[in-house]
Structure formats: structure tokens, C-alpha cells
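Numbering (my numbering), first residue to last: 5 to 410.
Backbone N, C-alpha and C define an ideal beta-carbon position, used for all residues, glycine too.
Let me begin by presenting the structure, written as C-alpha cells, before commenting on it.
Laid out in C-alpha cells, this is it:
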């Protein structure tokens, strides 16, 4: 067992928490921000997906950067990108500048999101510990989002006076989390026999590695890698669409106020945290394989209830939709357990996974915004997302039954 692995994970969880805070930062203030910058719902969908659009190109590069320069400096750069995006959003004056500010998140953000599974793959050798570690880091951005959704309208907006002040505070939080990461890992780096700022040629024990990353072609030759990549698109499509629009979706469909909509979205995310902790650890033992199809089926049920039900069923639908919290960690485990993915190429593999996934991450919020602007409204958004979830459940169940899928 690698000494200090939980300290490493704890430091990264702090940065990933701030990642979740900034991802959800606009959602509970969406109407305020939209009115201030003069954006339509479709334009806001495009803005909210800007960082995911950048991820498509930067995630594969981020994986190679992690494999080449190591986790410590990579996560530092990622944390600074998260903080910079929040601070830039606070200064946005229109649709274009807000899009650019959100896009900044996508430049270094992949170094955090791909760094988390890379850390687990490199530092956690025991399969049971690895599943616990995946669950632990997977809930970090969800906890950040819950904090943002539940505190923004009743606490942060009155405290800081405007949506811009809230974003400045969230950017400073990301800077603090990044500083904690550097302090925590600096001690481990010195104990490992390398100065914290050593070149990758001499750094040791997972802080940095020179070369050695397998080619993309070799990774894609694995059927289980291709399966994980294929399922990344719909998982991210659904997750990002709901991250961006869920508070507003609950407000519009359930005729709720801004605070009530954000609170129910936060409760749903809390359910998702429980799902992320429990399902990856126990689900595989219960069903005998990755339980992603079942999770997608439950999500489809909740979305259908939201779109076709009455205002009284909105709270129940919000609770059921919380099952989506398990989707991303289950997708990450598919990749982590794929043949051909090892400690020395896991950064590259995760970079590919996020790149494919974020194509869905871009189109999800944009599609939801376009549907909301149409005559179908937000009821149409819920039903449309439910159809994607059903298709994913059926398709993934068939693929996972194939010999050698896992």
C-alpha cells in the first residue's frame, strides 16, 4: 500500500469540491444572470456548455500532461483554471464575455476531473479500497454543487449583494482549496525523495512520470475501453443537462420559487451523493455486473414523472432523479477496470473518456435550452431527457451482456 494515499485523495477532494461549486455557480442564479447579460434560454444553454466544449479538445491533452508531469503540478494548474473561471464570470458584461469566462473552466478543469481517477488508479492497489476511493472523490463535486444550490439564494446573495459578488467568493474558495492541495502534497513529495518542484525525470512514486504513456490506438483496440467511451456520451449528456437546468426545471414545472427550486435540486443532489457512495460499492455484487443500466432506468422514471406528472409529484420526481449521482462513478469504473488501462496510461485513458463524454456535456445543456425555448417548454425537456435515459439503459444493458464486456 502506498503511504499517504488518503492524504493525496483528501487534498484532491478539496479541489474537486470547489470544481463542483463553480460548475453549479450560475444555476441557482440563472434568471438573474440571464437578465443581466441579456441572454435567451438557448444562449444560456450554449454558455453553460462552453466549458464542456473546451473539454472535448483539452481533456485528451490533460491526460497526457498528467502522465508526463504528474499529479501535483497538474492539479495545481487545474485548480487555478477553476478559480480563474469563477472570477472571470463575475466581470462578464454580455453573452460573449460570459461564454469566454465559462470556457476558461474547460482549459484546466480536465486536469482536476481526469486527475482524480488517475490518482486512484496509481495510488490505490486494493480493489475494495479503490472502489471506496472512487466513491469518495465522485461525491466531492456533488457536495460542492449541493452547497451552492442550497446556500446561494438564502445566504450568499444577501451576504454578497449580487450574483457577481457570489462568484468572486467562489473563486477565492477555489484558490484556497488549491493552496491546501499544494501544502498537503508538498510534504509527501519530500518524503518520497523528490523536491516538490523536481522535473519529471527525477520525481518518484506517482507525483510525476516521464513518458511511458500508451498510444491512443492501443487503448482503442480494447473492446472494454470502447464500451466505456461509448457510454460516456449519454452519461455526460444527461448529467450536464440536469446540472445546468435542474433548479429552473423544477421551478417551471412545479411552479416553485427560486429558493424552493434550488432547495429541491440540492436535496436531489444529496440523494445522488448517497447513490454515488452506495451503488458502485454494492451494486456490482447485487446484479453481478456494472449496475449503470438500472441507474439510467431509474433516472428515466423520475424524468418521466416530472414531465408528465402534476405539481404534487415534483418532489418525488426530484428524489428519484437523484439516482443520477451514481452514473459518472459507474462510468469511471468501467474505464478503470477495462483491459489495457494501467497505472502508466490511466491519465491518457481518462483524458479520452472525458473528451468523448464532454461532447455530450456540450449538447446536453444546449439541447435542453433549445427545447425550453420551443413550444414544448420545460415539460418537453424532462420528457426528452427521459427518452435519452431509457435508450442508455437499454443499450448499456445489451452491451454489458456481451462476452468480455468487462
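Contact the stretch 164-178 vs the stretch 274-284: 3+ CB pairs below 8 Å | No: the two stretches stay apart, fewer than three of their Cβ pairs being nearer than 8 Å.
Tell me whether residue 316 is buried or exposed, calling it buried when 16 or more other Cβ atoms sit within 10 Å of its Cβ.
-> exposed
Buried versus exposed call for residue 433 [16 or more other C-beta atoms within 10 Å across all chains shown] = Not covered by the structure: residue 433. The range shown for the chain is 5 to 410.
Integer Cβ distance of residue 244 from residue 368, believed to fall under 8 Å = 4 Å
How would you label residue 395, buried or exposed, when you count the other beta carbons within 10 angstroms and need 16 or more for buried?
-> exposed
Near residue 51, what residues of its chain come up, given a Cβ to Cβ distance below 6 Å and the 5 sequence neighbours on each side ignored?
-> 102, 103 and 106
Nearest-angstrom Cα distance between residue 387 and residue 308?
-> 6 Å
Inter-residue Cα distance where the pair is residue 273 and residue 361 | 20 Å
With a CB to CB cut of under 6 Å and the five nearest residues on each side skipped, what residues in its chain are close to residue 300?
-> 393, 396 and 397
Complete alpha helix (DSSP H) runs within the stretch 228-283 (minimum length 4 residues, chain order) = 262-282
Going by beta carbon distance, what residues of the same chain come within less than 7 Å of residue 385, once the five residues before and after it are set aside?
-> 249, 253, 372, 375 and 376
Do you know whose CA, among 349, 257, 352 and 295, lies nearest residue 382's CA?
-> 257
For the stretch 31-101, list the alpha helix (DSSP H) runs that are entirely contained and at least 4 residues long, ordered along the chain.
-> 34-41, 45-52, 54-73 and 75-93
Exposed or buried, residue 269, counting other C-beta atoms within 10 Å across all chains shown (16 or more means buried)?
-> buried
So, is residue 39 buried or exposed, given that buried needs 16 or more other C-beta atoms within 10 angstroms?
-> Counting of Cβ neighbours within 10 angstroms places residue 39 among the exposed residues, the total staying below 16.
Rounded straight-line distance, which links the Cα of residue 351 to that of residue 66 | 8 Å
What residue from 335, 312, 142 and 54 has the CA that sits closest to residue 380's CA?
-> Ranking 335, 312, 142 and 54 by Cα distance to residue 380 puts 312 first.
In terms of residues, what are the limits of the alpha helix (DSSP H) holding residue 125?
-> 119-127
Compute the Euclidean distance between the alpha carbons of residue 337 and residue 85, then round it to the nearest angstrom.
-> 26 Å
Keeping to the same chain, check which residues put their C-beta closer than 7 Å to that of residue 304; ignore five residues upstream and five downstream.
-> 390, 393, 394 and 397
Cβ neighbour criterion (16 or more within 10 Å) applied to residue 11 | exposed
Closest Cα partner of residue 285 within the set 139, 143, 79 and 125 | Cα-wise, what sits closest to residue 285 is 139.
Determine the direct distance from the alpha carbon of residue 345 to that of residue 215, and round the result to whole angstroms.
-> Note that residue 215 scores 41 on pLDDT, short of 50, meaning its location in the model is unreliable and no value can be drawn from it.
Is the beta carbon of residue 112 less than 7 Å from the beta carbon of residue 81?
-> yes
With a 10 Å radius around its C-beta and 16 neighbouring C-beta atoms as the bar for buried, classify residue 93 as buried or exposed.
-> buried
Delimiting residues of the alpha helix (DSSP H) encompassing residue 362 = 350-377
Looking only at its own chain, which residues have a Cβ that is under 6 Å from the Cβ of residue 23, when we skip the five neighbours before and after it?
-> 86, 116 and 145
In this structure, does DSSP put residue 146 in helix, strand or coil?
-> helix
CB-CB length for residue 89 against residue 184, believed under 8 Å | About 19 Å separates the beta carbon of residue 89 from that of residue 184, a gap too long to meet the 8 Å contact definition.
Secondary structure of residue 388, DSSP reduced to three states | If DSSP states are grouped into helix, strand and coil, residue 388 belongs with the helices.
Quick one: what does DSSP say residue 162 is sitting in, helix, strand or coil?
-> Three-state DSSP puts residue 162 in a helix.
In angstroms, rounded to a whole number, what distance separates the CA positions of residue 265 and residue 318?
-> 10 Å
Residue nearest to residue 70 in terms of C-alpha spacing, selected from 349, 251 and 302 = Looking at the Cα atoms, 349 is the closest of the given residues.
Nearest-angstrom Cα distance between residue 29 and residue 55?
-> 13 Å
From residue 251 to residue 32, what does the alpha carbon distance come to, in whole angstroms?
-> 6 Å
Out of 355, 246 and 36, which has the shortest C-alpha to C-alpha gap to residue 62?
-> Ranking the options by Cα distance to residue 62, first place goes to 355.
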